[in-house]
Amino acid sequence: MSDAPLGSAEHLRPLIELSWTRSRGHGVREDAAPALVQTPVDTEDRLRRAAEPVLEKARSDVDGFPAVLLLADRTARVLDTRHTDALIGDAIADLGITPGVLVEEEQVGTNGLGTTLETGQGVHVRGTEHYMRVFDPFSCFGQPIVHPVTGRIEGVVNIGCHAGAEHPLLPSLARHLARDIEDRLRQDSPLAQRRLLAAFQAAARLRGRAVVVLGPGLVLANPAALDLLQPADHPALQAYAGTLGSTHERTHRLTLSSGPLGPAHLHDDRRHRTACSSTSSRNAAAGAAGPAPTRAASGPCSSSGNPAAAGPPRRGGRRAPSPPSWTRRRSPGGVRPPGPRPSEHCWRRTDRRSSWRTSSSCPSG
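First residue of the sequence shown? That's 528 in my numbering, and the numbers climb one at a time after it.
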């Protein structure tokens, strides 16, 4: 049996071991001080604005438990830091972790912010699992923040505490913080985008049909549509939608880059500027999207059913009032409603720098 200490390379969990391998490949030194790059922070940043009340409430909820709350954008730039205890706050600041610094794996190795962005999933980094030893006194719980409309990773929220003092509910708290921030991003999204999402969710509930929404800076598609569409098909779908004119419904036989598709049904609801799809001979339906109330060629959208069927954007639930509230389970009102999230329908992970993209090369904005 090896005498190597826990946290050494011989005892690393697979996710952490892969992160250490990447860190070594980037030339990060375990025994060095972090070479942090300072960049300006936009105080009106959309993610920072959405997260501010969520982080402040969390700081109040965990008051009395030494913790630090960190927010970073999709480039691993720290946007906000908050602490519940001056000692841990000063310790983090002494390491240079302040708003504006970049903490991607390429710079500081395995950490709760950069590694979460690199993997696109929640990450728990325990003490000595940090690649750079200066971070060993801390444990971190990072959770990605996924925009509920575009499906892109917008950033990461991270809870840090003293190594060895981890509370078992910290991972759950990190997930709840991410969801609350996502809810606020949804509420801050343009009304047209939220209508597109609602229409897509209503149409995608029906099995055996391919549904796609194309709009300015937004592409939503279910797995059946991803299997059918190529990048060259998007302009064709937009053009077909533009032919609706004042006609509310029309059926086309579409020809995609992969060949003839068969009947595709488009529906145009002028109240919400949504066009919709129906099943074709290949068990597929396709449409094109665009929420703006301008000429039809600029883009009605695709979906089937009433956009209102998906319901209004959900607001985050309240925590139980009895202290310590952050250690109690959430009420049913704080649980995300059942059903697939848009990222599960239409976005596939490629790499961290490109964030979330569809296999049909949708716009990234």
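The beta carbon of each residue, even a glycine, is placed where N, CA and C say it ideally should be.
Classification of residue i by the beta-carbon crowding that lies within 10 angstroms, buried from 16 upward
i	result
R604	buried
G554	exposed
E898	Since the first and last residues shown for the chain are 528 and 892, residue 898 lies out of range.
A816	Unreliable positioning characterises A816 in this predicted model, as indicated by a pLDDT of 38, which lies under 50. The coordinate reading is nonetheless provided below. By the 10 Å Cβ count, A816 comes out buried.
G691	exposed
Q765	buried
P561	buried
E583	exposed
T570	exposed
D754	exposed
A599	buried
R540	exposed
A759	exposed
G552	exposed
T608	buried
A729	buried
P695	exposed
A492	Nothing can be reported for residue 492, as the shown portion of the chain is limited to 528 through 892.
Selected residue, minimal CA-CA separation from residue i, among the options
i	options	result
A613	G627, V595, V684, I624	V595
S550	H703, L598, E633	E633
L718	T782, V676, H703	V676
M757	G786, R736, G616	Reading the sequence as shown, one finds Gln at residue 757 and not Met. Looking at the Cα atoms, G786 is the closest of the given residues.
D558	M659, A731, D754	M659
A731	A562, T611, A748, S666	A748
L563	S784, V630, T548, A737	V630
Q565	G591, T625, L542, G552	T625
A618	D663, D588, A599, T637	D663
D715	R556, P567, V568, D572	D572
R556	R721, G636, R609, D588	G636
H505	V589, G623, L622	The first residue shown for the chain is 528 and the last is 892, placing residue 505 beyond what the model contains.
A751	W547, A620, A737	A737
F961	I615, L606, L574	In the structure as shown, the chain starts at 528 and stops at 892, and residue 961 therefore has no counterpart that could be examined.
H689	G678, R706, V661, S699	V661
S687	A763, L723, F668, H694	Per the sequence shown, the amino acid found at residue 687 is Gly instead of Ser. Per the Cα distances, F668.
E656	R679, S546, A763	S546
A578	R679, R706, T548, G647	R706
R721	P695, G678, H694	G678
G647	P762, A763, L542, H538	L542
L745	L723, P762, R713, A763	L723
Continuous beta strand (DSSP E) stretch holding residue i: start and end
i	result
R971	No information on residue 971 is available, as it lies outside the stretch 528 to 892 that the chain covers here.
A748	745 to 748
Integer-rounded CB distance, given that residue j should sit under 8 Å from residue i
i	j	result
N685	G639	4 Å
E709	V740	Not quite, the Cβ-Cβ distance comes to about 19 Å (not below 8 Å), so this is no contact.
E544	R601	So it is not a contact: roughly 25 Å between Cβ atoms.
P642	Q670	According to the sequence shown, residue 642 is Thr rather than Pro. Incorrect: roughly 12 Å between the Cβ atoms, too far for contact.
R711	V628	No, R711 and V628 are not in contact; Cβ-Cβ is about 24 Å, not under 8 Å.
L704	A585	6 Å
A701	G649	7 Å
A666	V683	The sequence as given places Ser at residue 666; Ala does not occur at that position. Contact doesn't hold; Cβ gap of about 16 Å is too wide.
L484	R575	Lying before the first or after the last residue shown, residue 484 is absent from the chain, which here runs from 528 to 892.
L781	Y767	7 Å
Range covered by the alpha helix (DSSP H) that runs through residue i
i	result
E709	697 to 715
L574	573 to 588
S597	Per the sequence shown, residue 597 should be read as Leu rather than Ser. Premise fails: L597 lies in the beta strand (DSSP E), 595 to 600, not in any alpha helix (DSSP H).
L545	541 to 552
Residue i: CB within 7 Å of a non-hydrogen atom of the ligand MN
i	result
R609	Absent from the structure shown: the ligand MN. Ligands present: none.
Short CB-CB distance (under 8 Å) between residue i and chain C
i	result
T642	The question asks about chain C, but that chain is absent: this structure has only one protein chain.
request  = Return the chain-ordered ranges of every alpha helix (DSSP H) run that is complete within the stretch 607 to 689 and spans a minimum of 4 residues.
outcome  = If only complete runs of 4 or more residues are kept, the stretch 607 to 689 shows the alpha helix (DSSP H) at 613 to 621, 632 to 635, 641 to 646, in order along the chain.
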